[in-house]
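As numbered in the numbering used here, the sequence shown has no gaps in its residue numbers, which increase by one up to the final residue, 610. For glycine and all other residues, C-beta sits at the position ideal for the given N, C-alpha and C.
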Amino acid sequence: MFASIFNLHAESIDARQLDVGTSDSPDIKLFGDAGRAAFICSGADSSGTPGERCAIHSLGGRYWIVGRIRLDGRRELQARLAEQIGEQPEAIPDALLCLHAYAKWGERFVEFLAGDFSFALWDDERQCLIGARDQMGVRLLFHARAGNTWFVSDSLDWMAARPSISRELDDYWVADFLTSGCSREFERTVYRDIHRLAPAHVIKLGDSGDTIRSYWRLNIVEPIHFRDPRTYTERFRELLSLAIADRLPAGKVGISMSGGLDSTTLAACTVDTTGDTARIIAECEHYEEVMHIREDYFASLAARCLGIELRIRVVDDLVYDPQWRSRGIRSPEPSISLLNAHNLRQIDGDLARAASVWFEGEGPDNALTLERNSYLEWLFRRGSWRRLAGALFQYARVKGAAGWAQTFRRHTDPRREAEGPDALPPWLNRDFADHLGLAERIATLGEGGDTSHPWRPQAMASFTSPFWQGDLDNMNFMESLTPIVRRHPYLDLRVAEFMLSAPPIPWGWKKHLMREAMRGRLPAEVLGREKTPLARYPDVATMRKHGLPELSRASLVERYVDARYLPTVGASDSELFFAMGAYALDHWLTLGRPDAAGSQIIAFDLQGNT
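Okay, here's the thing in structure tokens:
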């Protein structure tokens, strides 16, 4: 955990705002009689890799930075900064690279950074505080103002524990959580007066006021056209290998590997990048009773082919914890992960003993969607007749007879029904929903992504949706429970932008780009496997077996939930799944306000003394 505090009127910070409670290593230091800015760095960081732990760094006593920072493309950045940093190739921490970048480019420095990061930077000469968050939103950053004092931190719990910050809940956030599982707006948190900095944004606080701005935008203008199709697959492997190399720890690395294409491709490229199969361990979660989708079989085929260690974990009884209410685990915001946080913590603790860093396969499902109609219509509107004809030919060829037969069956299936708009759950308090105009809010905001892109609307919308942010937030919560770090090679900007730039036809057809890139590298059965979504909600199936939860006796959730209409055990899986939010919110409310976390503090006075 890290935090920073800034007083607008150049007054000393109220010492009560620096209270950090207890800690495993409570190193608390305060410097200067009139400090107006403070950095706070946790003494109990759970990060499993030293380079990514919270740390405070200084450059010449003028610039200071605190945060969690892991940069991509370090060598390229160092080359740009050669005049600034001299001969310091590998030893210089990423945080210091950020300070050197700020010293050279000023507030534009974030435009030269990429990776997983959130941090606060103090410029002592200009007496201003700058907070920044990475482009994809892997790391968190929150901000709030109370009177003349600003707070910036990656810990929502720490923010909520400040005595001057209101802990009144944001009704819109709560309503979104109950109807969709997360907020429909990036900036909202469960607390009305604490805001989440959106990905790829910077907040600047100084004597002239406060500003929040975007410093980067996911923007794919034209498709990439190569004459030789092999160039696409070669370039994909090259970029993914660079992303993996930037994320590799010193020792072993773990791969969260199903039997699907994304994670097995990640494993294959990790083997190629390291050149050492002994450094790689994979784990596959497998269901034996709840569903039969044979993840263990396909993952085993890939592992044997690659020569890596594979652990198969049967998780039928590990997807829901019947004793979840008694565990005392609290999430920063309400989360259905609370219903299984104990089991997940046990699993992640086991993973951490095998490797401190685990690679996740998020990204290709979003970037390699087949946006056939949008792409063909865009070519038609532009009058790109040669490319349009070529795309139609490629689509017919890559789809093949089996694909066309599958399409015919899907469109002639009498059970096929059109999906209607999302309805409000019947157990939602009607007065609460009506007061917020919730039905209109859902219809207006939807999933919140930007659908304006002319030929990649679905993919671009998925990456710019708060729903995407919700998944990453949940991973941050789970990281806070165990000494493990999750990294996302497919979210490397070089990889994500290339996948988005590849023409959807043919490369988006069933992830044709990845299948061709892995031809001869992964078993044919794995490459030919269809996308296999979960056949049911496994946590719901386990919950049925143990019985549904009940709301607290002295429930604080009545303002939001009408318990009379909560689903019974005979309800559908989807009804029970969405009702989990009501139980999670109820439990979160009963746990009360978070405690402060233990920290190390450094404060700056008006003259820059510490």
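Neighbour-count burial assignment, residue i, 16 or more Cβ in a 10 Å radius
i    : result
G547 : exposed
D276 : exposed
R661 : Missing from the structure shown is residue 661; the chain here goes from 1 to 610 and no further.
P533 : exposed
L178 : buried
V271 : buried
N7   : buried
R115 : The amino acid at residue 115 is misidentified as Arg; the sequence shows Gly. G115 is buried by the Cβ-count criterion.
T444 : exposed
Q607 : Caution is warranted here: a pLDDT of 42 is assigned to Q607, below 50, making its placement in the model unreliable, and the coordinate value is therefore given only provisionally. Per the 10 Å Cβ criterion, exposed.
G614 : The structure shown does not extend to residue 614, since the chain is modelled only from 1 to 610, so the question has no answer here.
Whole-angstrom distance between residue j and residue i, CA atom to CA atom
i    : j    : result
T273 : C305 : 16 angstroms
A396 : P506 : 9 angstroms
L368 : R62  : 45 angstroms
P466 : F432 : 23 angstroms
S183 : M514 : 32 angstroms
A341 : H488 : 22 angstroms
V314 : E289 : 9 angstroms
L589 : D154 : 22 angstroms
F577 : V540 : 6 angstroms
A267 : F393 : 33 angstroms
F477 : V357 : 16 angstroms
Y232 : L344 : 38 angstroms
R441 : G147 : 31 angstroms
D124 : F142 : 22 angstroms
G363 : L591 : 35 angstroms
D262 : E187 : 30 angstroms
I56  : R247 : 22 angstroms
D72  : A299 : 29 angstroms
W427 : S335 : 18 angstroms
R213 : F119 : 15 angstroms
F672 : F226 : An answer regarding residue 672 cannot be provided, because it is not within the stretch 1 to 610 covered by the chain.
A37  : K252 : 39 angstroms
Cβ neighbours of residue i in the same chain (closer than 8 angstroms, five flanking residues each side left out)
i    : result
D586 : L551, S552, S555, L556, V557 and V561
E371 : W455, R456, P457, Q458, A459, P504 and G508
E168 : Y191, R192 and D193
W216 : V110, E111, Q135 and A200
D616 : Past the edges of the chain, shown from 1 to 610, lies residue 616, and the structure says nothing about it.
Limits of the beta strand (DSSP E) - the one that residue i falls within
i    : result
T369 : Neither: T369 is in no beta strand (DSSP E) and is coded neither H nor E.
A146 : F142 to A146
S214 : G209 to S214
E611 : Lying before the first or after the last residue shown, residue 611 is absent from the chain, which here runs from 1 to 610.
K531 : Neither: K531 is in no beta strand (DSSP E) and is coded neither H nor E.
V138 : Per DSSP, V138 belongs to no beta strand (DSSP E) and is neither H nor E.
L646 : Because the chain is modelled from 1 through 610, residue 646 falls outside the range shown and cannot be assessed.
Y63  : Y63 to L71
G307 : From DSSP, G307 is part of no beta strand (DSSP E); its letter is neither H nor E.
Extent of the continuous alpha helix (DSSP H) to which residue i belongs
i    : result
D317 : Taken as a continuous stretch (DSSP letters only), D317 belongs to no alpha helix (DSSP H), as it is neither H nor E.
W150 : No alpha helix (DSSP H) holds W150; the beta strand (DSSP E) holding it covers T149 to S153.
W468 : P466 to E479
V174 : D171 to S180
H587 : D573 to L591
G349 : A341 to A354
A433 : R430 to L436
Proximal residues to residue i (C-beta, below 6 angstroms), its chain only, five neighbours per side dropped
i    : result
S337 : N474
A563 : L551
A3   : I40, S153 and W158
R327 : H342
E309 : I281
W324 : L339
A91  : none
L655 : As shown, the chain starts at 1 and ends at 610. That puts residue 655 outside it, with no answer to give.
CB-CB length for residue i against residue j, believed under 8 angstroms
i    : j    : result
L436 : Y172 : 6 angstroms
Y583 : P549 : 5 angstroms
A282 : I255 : 4 angstroms
R311 : G259 : No, R311 and G259 are not in contact; Cβ-Cβ is about 14 angstroms, not under 8 angstroms.
I129 : L205 : Sequence inspection shows Leu at residue 129; the Ile mentioned does not correspond to that position. Correct: roughly 4 angstroms between the Cβ atoms.
Own chain, CB closer than 7 angstroms to residue i, minus 5 neighbours either side, in chain order
i    : result
K104 : L81 and Q84
L613 : There is no way to answer for residue 613, as the model of the chain reaches only from 1 to 610.
E52  : R68, R70 and V485
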